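Here's the structure, in structure tokens; my notes come after.
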Amino acid sequence: MSSKRVNVLVYAGGGSTTSSVRHAVWSLRRLLGPNYAVLTVSGDQILKEPWMASCALLVMPGGADMGYARTLNGEGNRRIKLYVQMGGKYLGLCAGGYYGCARCEWEVGKKGMEVVGDRELAFFPGICRGLAFGGFEYQSEAGTRAAALQVVKEALATGGGAVPERLQVYYNGGGVFVDADSFKYRGVEVVARYTDKLAVEGGDAAMVYCKVGEGGALLSGPHPEYVLTLA
């Protein structure tokens, strides 16, 4: 990673939610400061400003995947994809995870809730399908839970340090990365798996790492960045 890449940018434009941005910024500042500057970035900045050269990590937080598409389809996604291909890093959390896949399938067949369609970034070459667990309601905590995850320790071994075998992570509306194991030949590694019974078919992948050119994307269904004290 270039020494000039000192900014961690958390997307706070169309589609993002205030609470998701706040949790991401707080957690990343706690983990990465003082070595990196954790800042928010708007959709307009993604589209027009030269953010890529100084960006170590671009974070797409929770929110609404369709809102991201309305703001970034075309030039915005072209810039994001080029940034990652040239050695950048993308972290997609819940909605940001759906957005980083080739296709989003969310609440299929449920009137007033269904979101289905292809996505331009396609870091994960398959489908992110949700809800992994039922009960989601907009502007509500009704569908939240502590999702039990099995960590794939081999996928994280190169990072050094202790790696837990199991985690409980805040969940509210995330998906499953469908048949993720079948994309290993395309540079996809499963990082964590759901262990509870799921509401959709397609395997159990809760988090995946996708090699993209010289860079990579980590996509997550649940919210590992969520901090209870900020709720």
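Under our numbering, the first residue of the sequence shown carries the number 648, and numbering increases by one thereafter.
Every residue gets a Cβ at the ideal spot worked out from N, C-alpha and C, and that includes glycine.
Owing to the predicted nature of the structure, the values given are computational and were not obtained by experimental measurement.
Item	Value
Gln797 in three-state terms, based on DSSP	strand
Continuous beta strand (DSSP E) assignments of at least 3 residues falling wholly in the region 745-789	748-753, 762-765 and 771-777
Leu845 vs Ala779 beta-carbon contact at 9 Å	yes
Contacts around Gly860, its chain only, beta-carbon distance under 6 Å, and the 5 residues preceding and following it disregarded	Gln732
For Arg669, three-class secondary structure by DSSP	helix
First and last residue of the uninterrupted alpha helix (DSSP H) at Leu719	Asp712 to Leu719
Three-state secondary structure (DSSP) of Ser674	helix
Helix, strand or coil at Leu679 according to DSSP, with G and I counted as helix	helix
Inter-residue Cα distance where the pair is Ala795 and Phe771	22 Å
When Trp698, Gln692 and Ser663 are compared against Val653, the one with the closest alpha-carbon	Trp698
Top-ranked residue by Cα proximity to Met854, from Val816, Val672 and Leu704	Val816
Ser663 burial status per 10 Å Cβ neighbour count (16 or more: buried)	buried
Three-way DSSP call (helix, strand, coil) for Gly880 in this model	No information on residue 880 is available, as it lies outside the stretch 648 to 878 that the chain covers here.
Of the listed residues Gly850, Arg813, Gln692 and Asn819, nearest to Asn830 (C-alpha basis)	Inspection of the sequence shows that residue 830 is occupied by Phe rather than by Asn. The candidate whose alpha carbon is nearest that of Phe830 is Gly850.
Close Cβ partners of Asn724 (< 6 Å) along its chain, the five nearest in sequence each way excluded	Glu767 and Leu768
Extent of the continuous alpha helix (DSSP H) run through Val810	Taken as a continuous stretch (DSSP letters only), Val810 belongs to no alpha helix (DSSP H), as it is neither H nor E.
Inter-residue Cα distance where the pair is Phe783 and Ser867	17 Å
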